[in-house]
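Q:
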Amino acid sequence: MTTIRQRRVGKGIEAAEDQPSEETNVKPDGKILPGPPGGKLWNILSITVGGIVAISLGLLTSVYVATLHENDLWFSNIKEVEREISFRTECGLYYSYYKQMVQAASIQQGLHGLVYDNKTESVRTINILERMNVYQEVFLSILYRILPIQQYLEPVYFYIYTLFGLQAVYVIALYVTSWLLSGTWLSGLLAACWYITNRVDTTRVEFTIPLRENWALPFFAVQIAAITYLLRTHLQPAQERLALMAVFIATFLFSLTWQFNQFMMLIQALALFILDCLDMLPTAKVTWLYIIQISGLLVVCVLQFFNSMILGSLLISFNVSVLIARTIQKNLKKGGLLSRLGKLILHVLLVLCLTILINKFIKKILNLESDEHIFKFLKAKFGFGATRDFDANLYLCEEAFGLLPLNTFSRLSSTLLFYVYGFVLFLLTVAAVIVAFRNLSGSNQVHFKEKKEEYTVTLKPDAAYSLVHTVLFGCLALSTMRMKYLWTSHMCVFASFGLCSAEVWKLILKCLHLYTSQRTQVIKYSIPIITLLYISFKFWPGIMDELSELREFYDPDTVELMNWIKSNTPNTAVFAGSMQLLAGVKLCTGRTLTNHPHYEDKNLRERTKQIYQIYAKRSPGEVHGILRSFGTDYVILEDSICYERRHSRGCRLRDLLDVANGHIMDGLGENEPDLKPSLYPRFCEEIKKNLPSYTMHFTRVFQNKTFHVYKLAKHK
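Printed below as a string of structure tokens:
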């Protein structure tokens, strides 16, 4: 097992300030009137200072997480095999393709090895560029080869520094989004500070560097910033085109770097759909965003050799359905309250039916089953019937796919983030309900007197989008802990925007009958500054202590295993074992695998379940036959899985296998009535007794405190 030890030697409502007033500085024809020269100079100065602060905070965040990574592992001092082992599970698998490309004789040969790969899955040739989102590794490896840096920078450092550099992009994008929403860069400063002080809940890049989300989320944040800018009113045509181009590029890069992009953008499309139905966003801009999402996915689909999982995504089916339904129902936004509500209900039902029909039609034509495990998991997770499906239960039993732990809120509250977020969320939700009701009832078409308009609650399109976005991604995070990083980062943006918004404070003071313009300005600056001072004084000492704490990577058993494999097995040897360990075997030794952690393929899932019979109650002959059918030469057994105690009964890997095989589980506790005792003992336990029925098929060739390696006999 891996441990980290101490070293032995010595982390809305309308915008205000910095923006021209959308009421007083606009001509009847929609053009913005130029402001006074002094105001223009002040805006330039403010933008310059705000930009410098944004870049500085981004770079500081990048250095911060890089330092934490170095301090935690002593990465600069450990051996190459230890560095590679530190890339756990699927991280190691993705990094192995970067290493493969860097070490290839030429770029062409490296690409050929990825397109015709026969080492990731034994007795199969697969296209890695089609199956996995590894174009970032390809691009980075090519960049490393053509730049004159090989003598000064090792490949692994070029890789990890790029990921840490993307954290700078991430923080700058969050900063800019908050700045655009509130109108002041002080809001961006507060958002960035909250992101850093809540690092445990906003990112995990320092210990899961190659994970796909660490590549994708910075581009997602850039996309949200571009959408926020696009939804501003009174943009010039050139500004709109630039914003749309930025949204498309960010959407494309986000889609290219993460296999779960379609599910995240589906939630984003739902947010756009809700706001469009409530007439809170310009329909033309929403249509462009639907088209951009589809276009970005289709371009990625082409680059991934027409990956069928992309073509069969719910996102494409949903967006196409919305566009078709809108064409059918042309008078959706006309009529009174009851009329519009009736039309909306029909519209939602039409979109839902079309989405299901189109999606099922595409999957039927393509014979697509790659993502069925996700829907089985969701069905079981939300209580639509129990399941014995091995793949679904494998997800259900992992803590990362469980509900968001309650201690998350206590950590977020310690920085005041959750309190401010809840406060702003409540205010903007009330405002959104009022605006939505007014839009549906048609009262937005009534011309109010100026005095009445002054007291009308309004919600700008960008603030409305941010509100629905945070609500939907909040629901996702609450249901699935692994997805919390999509919510908590935007939580920093949303809370800081509300705290720095002049219109939010204006609304509150008017409700309390305390409103004056001067008082609003004082509060909108003083409260954020006091919050920043509180965060600085409370968390700065802890950050300094964290940066001074020095630890060291320590996993001698895995290092010993990898060194033995490299020294004592042929390069063509095929290894079977757990998905997590085999990713490291491929990275550290280059040997061929039977299975791996990239689970988005039906054949691989079935293969993995078969390989995992080494931890089930099966006869040695059956296990030997299964392993040899996949060309296995060596099998690695792990005591941490065979005698697992991390999960409770019913969620241990051996329990999942027993239930899937129709066998009763080990230990005290209830079993379902139709489960039967197995005729054979557990394979991973019994093989260690060296009984003749086992030794005729398996010969132990290596063992230490954690791992046992057996060579398979090649007789039929």
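First residue of the sequence shown: 8, per our numbering; consecutive thereafter.
Note that CB positions come from ideal geometry on N, CA and C, so glycine has one too.
These figures come from a predicted structure and were not determined experimentally.
Taking only runs that begin and end inside the region 493-580, name each unbroken alpha helix (DSSP H) of 4 or more residues, in chain order.
A: As far as the region 493-580 is concerned, its whole alpha helix (DSSP H) runs of at least 4 residues are 509-518, 524-555, 563-575.
Q: Taking Cβ to Cβ, would you say Trp-571 is nearer than 7 Å to Phe-709?
A: Against a cut-off of 7 Å, the Cβ pair of Phe-709 and Trp-571 comes out as a contact.
Q: Measuring only the C-alpha atoms, how far is Glu-553 from Phe-171?
A: Rounded to whole angstroms, Glu-553 to Phe-171 spans 18 Å at the Cα level.
Q: Mark Asp-36 as exposed unless 16 or more other C-beta atoms lie within 10 angstroms of its C-beta, in which case mark it buried.
A: Confidence is the limiting factor: at Asp-36 the pLDDT is only 42, short of 50, which leaves the residue's position unreliable, though a coordinate-based value still follows. Its Cβ having fewer than 16 others within 10 Å, Asp-36 is exposed.
Q: Exposed or buried, what is Met-551 when buried is set at 16 or more other beta-carbons lying within 10 Å of its beta-carbon?
A: With fewer than 16 Cβ atoms within 10 Å of its Cβ, Met-551 is classed as exposed.
Q: Which class does Phe-313 belong to by DSSP, given the choice of helix, strand or coil?
A: It is coil, neither helix nor strand.
Q: Where do the ends of the alpha helix (DSSP H) carrying Thr-487 lie?
A: Careful: Thr-487 lies outside any alpha helix (DSSP H) and carries neither H nor E.
Q: Thinking C-alpha only, which one of Ala-223, Thr-240, Tyr-619 is nearest Leu-187?
A: With distances taken between Cα atoms, Leu-187 lies closest to Thr-240.
Q: Can you list, in chain order, the stretches of the alpha helix (DSSP H) that have 4 or more residues and sit fully within the region 663-710?
A: Listed in chain order, the complete alpha helix (DSSP H) runs (minimum 4 residues) inside the region 663-710 are 690-693, 699-702.
Q: Per DSSP, which residues does Glu-161 bridge with? Please list them.
A: None, per the DSSP bridge assignment.
Q: Is Lys-593 buried or exposed, if buried means 16 or more other CB atoms sit within 10 Å of its CB?
A: Under this definition Lys-593 is a buried residue.
Q: Would you call Leu-67 buried or exposed, if buried means 16 or more other Cβ atoms sit within 10 Å of its Cβ?
A: Counting Cβ neighbours within 10 Å, Leu-67 comes out exposed, since fewer than 16 surround it.
Q: Are the CB atoms of Thr-415 and Asp-564 nearer to each other than 7 Å?
A: No, the Cβ-Cβ distance between Thr-415 and Asp-564 is not below 7 Å.
Q: Threshold first: 3 residues or longer. Then list the beta strand (DSSP E) segments lying entirely within the region 599-625, N to C.
A: Runs of the beta strand (DSSP E) inside the region 599-625: none found.
Q: If you check the beta carbons only, do Leu-359 and Gly-319 fall under 7 Å apart?
A: No.
Q: Helix, strand or coil: how does DSSP classify Ile-133 here?
A: Strand at Ile-133.
Q: Are the Cβ atoms of Asn-221 and Val-212 separated by less than 7 Å?
A: Yes, they are a contact pair.
Q: Have a look at the DSSP bridge pairing and note the partners of Tyr-641.
A: Answer by DSSP bridge pairing, in chain order: Phe-582, Lys-718.
Q: Does the contact criterion of 3 or more C-beta pairs under 8 Å hold for the region 623-632 versus the region 697-705?
A: Because the criterion of three Cβ pairs below 8 Å is met, the region 623-632 and the region 697-705 touch.
Q: Taking only three categories from DSSP, how would you classify Asp-124?
A: In this structure, Asp-124 counts as strand in the three-state DSSP scheme.
Q: Roughly how many angstroms lie between the CA atoms of Leu-196 and Ser-543, to the nearest whole one?
A: Computed Cα separation, rounded: 12 Å.
Q: Buried or exposed for Lys-545, going by 16 or more other Cβ atoms inside 10 Å?
A: Exposed.
Q: Could you give the DSSP three-state label for His-76: helix, strand or coil?
A: Residue state, collapsed to three classes: helix.
Q: Taking all protein chains shown into account, decide if Ile-621 is buried (16 or more other Cβ within 10 angstroms of its Cβ) or exposed.
A: Buried, because 16 or more other Cβ atoms sit within 10 Å of the Cβ of Ile-621.
Q: Decide yes or no for the touch test of the region 95-109 against the region 607-618: beta carbon pairs closer than 8 Å, at least 3 of them.
A: Contact fails: fewer than three Cβ-Cβ distances are below 8 Å.
Q: Could you spell out the range, first to last residue, of the alpha helix (DSSP H) harbouring Phe-261?
A: Residues 244-264.
Q: Would you decide whether Tyr-123 is buried or exposed? Buried here means 16 or more other CB atoms lie within 10 Å of its CB.
A: Exposed: under 16 other Cβ atoms inside 10 Å.
Q: Do you know offhand how far Leu-322's Cα is from Thr-74's?
A: Cα-Cα distance, rounded: 39 Å.
Q: Determine whether the beta carbon atoms of Ser-302 and Thr-601 lie at a separation below 7 Å.
A: No, these two residues do not count as a Cβ contact at 7 Å.
Q: Could you give the distance in angstroms between the alpha-carbon of Met-498 and the alpha-carbon of Phe-425?
A: Going from the Cα of Met-498 to the Cα of Phe-425 covers about 8 Å.
Q: Looking at Asn-668 and Ala-623, is the spacing between their C-beta atoms short of 7 Å?
A: Their beta carbons are under 7 Å apart, which means Ala-623 touches Asn-668 by this criterion.
Q: Can you tell me which of the three DSSP states Pro-155 falls into?
A: Here Pro-155 sits in coil by DSSP.
Q: Going by Cα to Cα distance, which pick from His-654, Leu-644, Arg-652, Cys-658 is closest to Leu-719?
A: When only C-alpha atoms are compared, the closest one is Leu-644.
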